[in-house]
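K.L.:
Residue numbers for the sequence shown, in the numbering used here: 0 to 453. The structure follows.
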Amino acid sequence: MKLTKRQFTALATSFAFAGLARHQAIALENLSVTGTGYGALVPDPNALIDLPPGFSYEIISSFGDRMTDGFRVPDNADGMGCFKLDETRVTLVRNHELNVSNDDRGPAPDNPQLDFTIYDKRDDGTPLPGGTTTIIYNLKTGEVEKEFISLLGTIRNCAGGVTPWGSWLTCEENVTLSGDGVDKDHGWVFEVPANADGPIDPKPIKQLGRFNHEAVAVDPKTGILYLTEDRNDSLFYRFIPKTPGNLHEGGKLQALGFAGHTSGADSRNWDTPIWDVGDWATAFWIDLDDTDSPNVDDLRIRGHAKGAAIFARGEGIHWGNNELYFCCTSGGRAELGQIMRYVPSAFEGTGKENDEPGQLQLFLESSDPNSFNFGDNLTVAPNGHLLVCEDQYTDNVVNHIRGVTTDGEAYDFARIRIQSESAGACFSPDSTTLFVNIFSPTRTLAIKGPWLHL
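Okay, structure coming up:
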């Protein structure tokens with residue numbers, strides 16, 4: 000079933016997904032696929048997640064499990080990154096989207112005395128439950144060798160992104176200010192090294208701005224960061240670091256605008272649609288000031304007033320080969336979701352980029368909830384297809400992990416059987432295993448199967 004009112008052009012779509020493919024020898028032109036993808040989903044006898052024939056999953060971590068550091072696995076597992084540790088083991092850094100009041104779902108519900116530094120606490124002195132946990136997983140044996148808190152004391156760690164230098168950028172989707180039941184301001188990005196063997200010293204990267212952060216992608220060639228914001232009137236941001244790989248040294252935070260829309264374009268296509276699937280917009284970048292928004296959550300409002308474009312709930316983002324993709328969860332005429340594609344300038348972030356600016360494409364816009372509905376986190380399968388986690392949150396939902404082929408066909412890769420969402424989809428470096436979270440109650444799954452056999 001087509002995702003959009005118009006078909007993708009075969010050339011543009013094939014190029015886009017080929018660019019997303021990981022660095023491995025895969026002959027995309029030899030793949031064949033139908034609208035059923037890997038085949039009809041097989042009902043899971045345990046009623047957790049239905050998968051295609053030949054695929055299987057293992058639960059490697061669950062809410063309430065005792066971790067190796069003595070604390071318990073927190074709830075609300077969201078964004079996640081995977082890193083190679085050695086030839087047989089990987090490191091997973093996993094977010095936990097916990098609010099100030101969610102102490103009963105955190106890693107230390109009894110609030111014991113902690114012997115490590117946390118970022119923030121409540122007025123009563125108890126640690127905030129949000130943060131990250133780290134899992135050391137052996138691909139060969141299928142065993143978790145170590146699991147521990149790697150960041151604690153933050154609020155609503157939703158998504159984030161991996162860096163080329165081996166760390167996970169975890170983002171707070173919350174802008175609570177100090178004095179509102181907590182001691183410190185929130186709305187920051189924190190960096191968790193993949194090789195950390197315990198809780199890190201939490202230092203917010205304030206140069207990345209204070210706003211309702213969602214996800215981050217890093218261009219490995221330039222070190223430039225691209226950031227999404229989960230608001231109905233969000234912006235799309237770029238951070239040009241002074242020193243790639245050392246974000247605390249500072250840099251320049253900017254927001255994307257559409258050339259020819261100096262008053263600020265509206266990419267959402269809600270009230271007055273401005274573009275169709277396949278259309279391109281020439282990008283320009285607007286310098287932002289007072290990016291720490293010290294008194295109010297207004298960075299996006301001030302940015303739009305300067306000409307930045309509005310997006311509908313920017314969420315998951317993934318860097319490919321010289322381009323990136325990000326979801327706008329409620330965008331589109333039907334408000335069922337969009338996916339944007341950004342191709343940076345050959346001179347991205349330099350004075351020469353005005354001569355050859357970056358380009359943004361409306362790559363996907365759903366008109367059918369049975370095909371694609373509220374896309375959130377996304378990643379790329381070993382065959383170059385997108386895998387997109389849905390995040391509907393009505394009273395009764397049926398969330399899927401959707402695949403999208405090179406010719407714009409959508410298929411169901413997985414169906415979540417419980418009243419929850421999937422999140423944090425990421426592949427092992429050897430492309431054999433998809434790791435994905437069931438949000439609540441936390442379940443982290445390792446999914447294996449015939450990824451290249453369609």
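Ideal Cβ placement from N, Cα and C applies to all residues, glycine included.
Once the 5 residues before and after D49 are set aside, which same chain residues still bring their CB inside 7 Å of it?
P.N.:
So the list reads L40, V41, P42, D43, A413, R414 and R416, once near-sequence residues are dropped.
K.L.:
Using a Cβ-based criterion (distance less than 6 Å to any ligand heavy atom), does E408 qualify as near the ligand FMN?
P.N.:
This structure does not include the ligand FMN; it has no bound ligands of any sort.
K.L.:
Under 7 Å between the Cβ atoms of S149 and T125?
P.N.:
No, the pair does not count as a contact, with Cβ atoms beyond the cut-off.
K.L.:
Note the first and the last residue of the continuous alpha helix (DSSP H) segment covering G302.
P.N.:
Taken as a continuous stretch (DSSP letters only), the alpha helix (DSSP H) holding G302 covers L298 to A304.
K.L.:
Which residue's Cα is closest to the Cα of N369: P356, L323 and V396?
P.N.:
Here the closest residue by C-alpha is V396.
K.L.:
Among all the DSSP beta bridges, which residues are the ones paired with G249?
P.N.:
None, per the DSSP bridge assignment.
K.L.:
Can you check the segment 124-204 for any beta strand (DSSP E) of at least 3 residues that lies completely inside it and give the ranges in chain order?
P.N.:
Runs of the beta strand (DSSP E) inside the segment 124-204: 129-137, 142-153, 156-161, 166-171 and 188-192.
K.L.:
Below 8 Å on the Cβ atoms is my contact criterion, and I expect F70 with A107 to pass it. Report the Cβ-Cβ distance as a whole number of Å.
P.N.:
Correct: roughly 6 Å between the Cβ atoms.
K.L.:
Rounded to whole angstroms, what's the CA-CA distance from I446 to C425? Just pull it up for me.
P.N.:
Computed Cα separation, rounded: 10 Å.
K.L.:
Along the chain, where does the beta strand (DSSP E) containing E228 start, and where does it finish?
P.N.:
Its beta strand (DSSP E) spans residues L224 to E228.
K.L.:
Rounded to whole angstroms, how far is the Cβ of G330 from the Cβ of Q337, which I believe are closer than 8 Å?
P.N.:
G330 to Q337, Cβ: 4 Å. Contact.
K.L.:
How do the segment 274-281 and the segment 294-305 stand: do at least 3 beta-carbon pairs fall below 8 Å, yes or no?
P.N.:
The segment 274-281 vs the segment 294-305: no contact.
K.L.:
With three or more C-beta pairs closer than 8 Å as the rule, is the segment 252-270 touching the segment 191-203?
P.N.:
No, they do not touch.
K.L.:
Between E213 and A282, which are expected to be in contact by the criterion C-beta below 8 Å, what is the C-beta distance as a whole number of angstroms?
P.N.:
Their Cβ separation, rounded to whole angstroms, is 19 Å, which puts E213 and A282 out of contact at 8 Å.
K.L.:
Using the three-state DSSP reduction, which class does N353 fall into: helix, strand or coil?
P.N.:
Looking at N353 - three-state DSSP - the assignment turns out to be helix.
K.L.:
Which residue marks the beginning of the beta strand (DSSP E) containing S60, and which one marks its end?
P.N.:
Per DSSP, S60 belongs to the beta strand (DSSP E) from S55 to S61.
K.L.:
Which residues in the same chain have their Cβ closer than 8 Å to the Cβ of N353, if we skip the five residues on either side of it in sequence?
P.N.:
Once the five neighbours on either side are set aside, the close Cβ partners of N353 are F283.
K.L.:
Taking E171 as the reference, give the member of L127, F310 and P440 with the closest Cα.
P.N.:
Nearest option by C-alpha distance: L127.
K.L.:
Using a Cβ-Cβ cutoff of less than 7 Å, which residues in the same chain neighbour W307 once the five nearest sequence positions on both sides are dropped?
P.N.:
Note that residue 307 corresponds to Ala in the displayed sequence, not to Trp. Hits under 7 Å: L234, A254, L255, G256, G263 and I285.
K.L.:
Tell me which residue opens and which closes the beta strand (DSSP E) that S421 is part of.
P.N.:
From DSSP, the beta strand (DSSP E) with S421 extends over S421 to F426.
K.L.:
Could you have a look at D103 and say whether DSSP puts it in helix, strand or coil?
P.N.:
Looking at D103 - three-state DSSP - the assignment turns out to be helix.
K.L.:
Output the distance between the C-alpha atoms of R267 and R332, rounded to the nearest integer angstrom.
P.N.:
Between R267 and R332, the C-alpha separation is close to 8 Å.
K.L.:
Got a sec? Which residues, its chain only, sit under 7 Å from R230 by beta carbon, not counting five neighbours each side?
P.N.:
For R230, where only same-chain residues beyond five positions count, the Cβ hits under 7 Å are N211, R299 and R312.
K.L.:
Going by beta carbon distance, what residues of the same chain come within less than 7 Å of V92, once the five residues before and after it are set aside?
P.N.:
M79, G80, T131, T133, S149, W167, V191 and A193, listed in sequence order.
K.L.:
Spell out the partners DSSP gives D390 in its beta bridges.
P.N.:
For D390, which the question treats as bridged, DSSP gives no partner whatsoever.
K.L.:
Using a 10 Å radius around the Cβ and a threshold of 16 neighbouring Cβ atoms, would you call R243 buried or exposed?
P.N.:
In the sequence under discussion, the amino acid at residue 243 is Pro, which differs from the Arg named in the question. Its Cβ being crowded by 16 or more others within 10 Å, P243 is buried.
K.L.:
On the CB-based measure, 16 or more other CB atoms within 10 Å of its CB, does E314 come out buried or exposed?
P.N.:
So E314 ends up on the buried side.
K.L.:
Report the rounded CA-to-CA distance for L30 versus A216, giving the unit in angstroms.
P.N.:
Because the pLDDT of L30 is 31, which lies under 50, any placement of that residue in the model is unreliable, and the number read from its coordinates should be weighed accordingly. Taking the straight line joining both Cα atoms gives about 28 Å.
K.L.:
Closer than 7 Å by C-beta to S439: which residues in its own chain qualify, once you throw out the five before and the five after it? Chain order, please.
P.N.:
Here the set comprises D74, N75 and S419.
K.L.:
Is it right to say A343 is buried, meaning 16 or more other beta carbons lie within 10 angstroms of its own, or is it exposed?
P.N.:
Here residue 343 is Pro; the residue named in the question, Ala, does not match the sequence. Flag for P343 reads buried.
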